[in-house]
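Numbering (the working numbering), first residue to last: -8 to 486. Heads up, the thing below is written out as structure tokens.
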RNA sequence: GGCCCGUUGGUCAAGCGGUUAAGACAUCGCCCUUUCACGGCGAAGACAGGAGUUCGAUUCUCCUACGGGUCACCA
């Protein structure tokens, strides 16, 4: 067979199938990202499907959270509840009529059965039985008459999958390789619940098949139930999709141990991270690298487009990764530093506006001193706290060995600096530098010996973004001289 | 506990039988400098342990230990 004769490869189709629980966990977002990348890196299609078969966990407005998050992350879907598509509807509760017939087919063909066990009976099982996996298969061999009678009495029922009792089931995963499980470990899991809704365990294989999903991408917590799904595909005679199980994201606990990332590890919802000041691009970039690494490439900063180019399934690792806020912080800083000055101002505007006496003419200066120094925009307020309020700082701040500054030297140079600044006709960076270094030259000391006490006097902070010159510029001549005078009075009172 | 999976520096990780075992974050030091950052240079720090296979194992196999996942009318 020649190359051109070979069957055309089916277009890759992946789906993101979140439950509308009102919260987009970063683990879910990473799954969505990888599903998107698996599809897009091979020219495929990315589908959004809402898994709302658990009526008890529905939260109002959560579908909007999903839309909003995907949009913010740049993961646009080709088919879904909002954009439609040839395999709709894309909300499972709207597909209800589809599922029961498939389950009934399985019952007819001997792959499933009706179960009338009460909730109470099931609960008692958990305490007594340790050997059998979950359900004790009590109703597995009810006679046809018993079933018919129960059904005609409207007895509540569920439909369970009939697992083979012997042998083993094997499946291949593109990340984890070949996995084999003894069939006796598989529970006769519920396919249709008493409320008539299908379980995830059933509905996902039906919809994945109907929607022609080629690659099932999901967290590795599904690894142990995958054999059950394969048995279902086989029972229906359907083609089994490729599996791509993703390593778990863990969080570090107080005691140093790790476990599946959850709320107690800090902000783990996409919205929470954004609220804390992380940029969507930075979050996406960071989580892309949690469990995946590009081949022969040392880059770490990737746009979504670059991720699509670089992505390949064999770069996904098997071992779980621990979410590291420090690294996320670094990514955020990188993204901030790469912004244009205009973009920076847009993001920082509300923080800038909270600074008293700072007009837009000073925004370029603020941008210049802040952009390389913050990793989140919310840090601006704290870093420039001195602008709104000068605290009664401890005069020991005037002591700085490297600058050859002491309270004594501050006393003398603050006086000369004030004088030089007072005489300035123009309040610009150049004129201020000239004035201050003029003082330093005159007394043959290093610039820092003059700059240090001035900066301390007007900011009251040991560490500030920018130096004395920038602080003076931001405060303006009046406020600056006022603060220097105040400082001089305070240290002269000392003796 | 049964089953499944995993294990390279504190963290993310490259490596896919022969390497001085990459790189990034964090840490520390130096330089730059008007404090702090940014940037530059540098340091410290890892193949969980034990058997095999092999001329040779971080890499392949098995065992042990540890970690995680899963055993729902949740997904």
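In this text, a Cβ means the ideal position worked out from N, Cα and C, and glycines have one as well.
> Distance, Cα to Cα, residue 85 vs residue 125?
Replying inline: 31 Å
> For residue 74, which residues of its own chain have a beta-carbon under 6 Å away from its beta-carbon, when the five flanking residues on both sides are left out?
Replying inline: none
>> Measuring straight from C-alpha to C-alpha, what distance separates residue 470 and residue 396?
In response: 23 Å
>> Give me the residue from 71, 227, 201 and 10 with the minimum Cα distance to residue 493.
In response: What is shown of the chain runs -8 to 486, which leaves residue 493 out entirely.
> Where do the N-terminal and C-terminal ends of the beta strand (DSSP E) with residue 163 fall, by residue?
Replying inline: 159 to 164
> Using the beta-carbon count (16 or more within 10 Å), is residue 275 buried or exposed?
Replying inline: buried
>> By the DSSP assignment, the beta strand (DSSP E) with residue 200 in it spans what residues?
In response: First-last for residue 200: 191 to 201, but that is the alpha helix (DSSP H), not the beta strand (DSSP E).
>> What residue range does the beta strand (DSSP E) around residue 206 cover?
In response: 206 to 210
> Should residue 327 go down as buried or exposed, given a rule of 16 or more other Cβ atoms within 10 Å for buried?
Replying inline: buried
>> Assuming residue 21 and residue 278 are in contact, meaning their beta carbons sit under 8 Å apart, how far apart are those beta carbons, in whole angstroms?
In response: 4 Å
> How about residue 238 and residue 309: are their beta carbons less than 7 Å apart?
Replying inline: yes
> Quick one: what's got a C-beta closer than 8 Å to residue 348's C-beta in the same chain, skipping five residues either side?
Replying inline: 378, 466, 467 and 470
> Taking just the CA atoms, how far does residue 445 sit from residue 438?
Replying inline: 11 Å
> Using the beta-carbon count (16 or more within 10 Å), is residue 432 buried or exposed?
Replying inline: exposed
> In chain order, which continuous runs of the alpha helix (DSSP H) of length 4 or greater are located wholly inside the stretch 304 to 378?
Replying inline: 316 to 328, 332 to 344, 354 to 361 and 370 to 374
> Under the three-state reduction of DSSP, which class applies to residue 283: helix, strand or coil?
Replying inline: strand
>> Can you determine whether any heavy atom of the ligand FAD sits closer than 6 Å to the C-beta of residue 6, and answer yes or no?
In response: By its list of ligands, the structure shown contains no ligand whatsoever, and the ligand FAD lies outside what it can speak to.
>> What would DSSP say about residue 485, mapped onto helix, strand or coil?
In response: Residue confidence for residue 485 is low, a pLDDT of 49 falling below 50, so the modelled location carries little weight and cannot support an answer.
>> If I measure Cβ to Cβ from residue 148 and keep anything under 8 Å in the same chain, skipping five residues before and after, which residues do I get?
In response: 105, 106, 107, 141, 142 and 185
> Using the C-alpha atoms, what's the distance from residue 174 back to residue 213?
Replying inline: 16 Å
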